[in-house]
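A quick write-up on the structure given underneath.
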Amino acid sequence: KVRGGQNRPRTMGCMSETITYRTLRREDYPALTALLCDTWHAKPGTDHDLAMKLAEADLEYSLARTTTAQVAVQGGTVVGVVLGRIDAAETRKGVNRHHRASMKILASLLFNAQGRAALQQLKKNEEANRSMLAEAKKEGHAYDAEVVLLLVDPSVRGQGVGKHLFDWLLGQFKANGVTRYFLYTDTGCDYHFYDRAGLTRRKVLDMEPHTVQEDAAVQQESSDLDEHLHAFLYDNEVAPANEGVNPLGRD
Numbered sequence: 007k008v009r010g011g012q013n014r015p016r017t018m019g020c021m022s023e024t025i026t027y028r029t030l031r032r033e034d035y036p037a038l039t040a041l042l043c044d045t046w047h048a049k050p051g052t053d054h055d056l057a058m059k060l061a062e063a064d065l066e067y068s069l070a071r072t073t074t075a076q077v078a079v080q081g082g083t084v085v086g087v088v089l090g091r092i093d094a095a096e097t098r099k100g101v102n103r104h105h106r107a108s109m110k111i112l113a114s115l116l117f118n119a120q121g122r123a124a125l126q127q128l129k130k131n132e133e134a135n136r137s138m139l140a141e142a143k144k145e146g147h148a149y150d151a152e153v154v155l156l157l158v159d160p161s162v163r164g165q166g167v168g169k170h171l172f173d174w175l176l177g178q179f180k181a182n183g184v185t186r187y188f189l190y191t192d193t194g195c196d197y198h199f200y201d202r203a204g205l206t207r208r209k210v211l212d213m214e215p216h217t218v219q220e221d222a223a224v225q226q227e228s229s230d231l232d233e234h235l236h237a238f239l240y241d242n243e244v245a246p247a248n249e250g251v252n253p254l255g256r257d
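Residues are numbered in my numbering as their position in the sequence shown, beginning at 1, plus a constant of 6.
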């Protein structure tokens, strides 16, 4: 899945319990895996075990790039997360344990047709991301941070959880001297969140085959983006801050 977006709204949950925020912990991983599965990987016709493996690999791959993270908790349950990468804060060299964990899970998918098809889709998504980033850099855009993942449980949508997590990460960027950041998302996510937040939609890439006529329609009306899956690269500058550096760790 192309990274970086909140999931689309489905149902509203109970709003009476207080939502608190804290640093990501290792024991949060199962809950985040389940949330990723329900949000992006559990599709009609997809085996549940396969969807869970994809979600687990997804999380591990995201953690492999993460240097700072925060979760939202309601009633003891994790209901939101933001993962960010600050290049200057990365102390791990080369392939880390999260990379290895992700590769091990994905390798297990080679033994059945549905798993191999899922791997092909993941490869396509990754190639799309790399292509957009390469084009942006070729145009002179440089980045020293990334919003790796922003995910909010549908039960707490509309309560400001996504904004709180996103603003917290921007604060971490400022405190660590980040000048410009980027993120990946797509039309399967609430990508308008980033439009409202003032980010620039730097790159758009169509991820599905369609006719010439449909392509012309997409160019004419931005609302037609949702007719086919499109990948995006958003970016923005970070205003300088005078606060001291206070990076949160990650496991």
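Think of the CB as a built atom: it goes at the ideal place given N, C-alpha and C, for glycine as much as any other residue. Keep in mind the model is a prediction, meaning the values are calculated, not measured.
Item: Enclosing alpha helix (DSSP H) for Q165 [first to last residue]; Value: Looking at the DSSP string, Q165 is not in any alpha helix (DSSP H), and its letter there is neither H nor E.
Item: Residue of A113, F188, K99 minimising C-alpha distance to E152; Value: F188
Item: Pairwise C-alpha distance: R186 and W174; Value: 16 Å
Item: Chain-order list of residues whose beta-carbon lies under 8 Å from that of G81 (same chain, five-residue window excluded); Value: E23
Item: T83 versus S161 - alpha carbon distance; Value: 11 Å
Item: In DSSP terms, what Q80 is bridged to; Value: I25, T83
Item: Contacts around D212, its chain only, beta-carbon distance under 7 Å, and the 5 residues preceding and following it disregarded; Value: H234, H236
Item: Cβ pair F199, G166 closer than 8 Å; Value: no
Item: Simplified DSSP assignment, three categories, for A107; Value: helix
Item: L56 to L69 span [Cα, whole Å]; Value: 20 Å
Item: Separation of N118 from G204, as counted between CA atoms; Value: 43 Å
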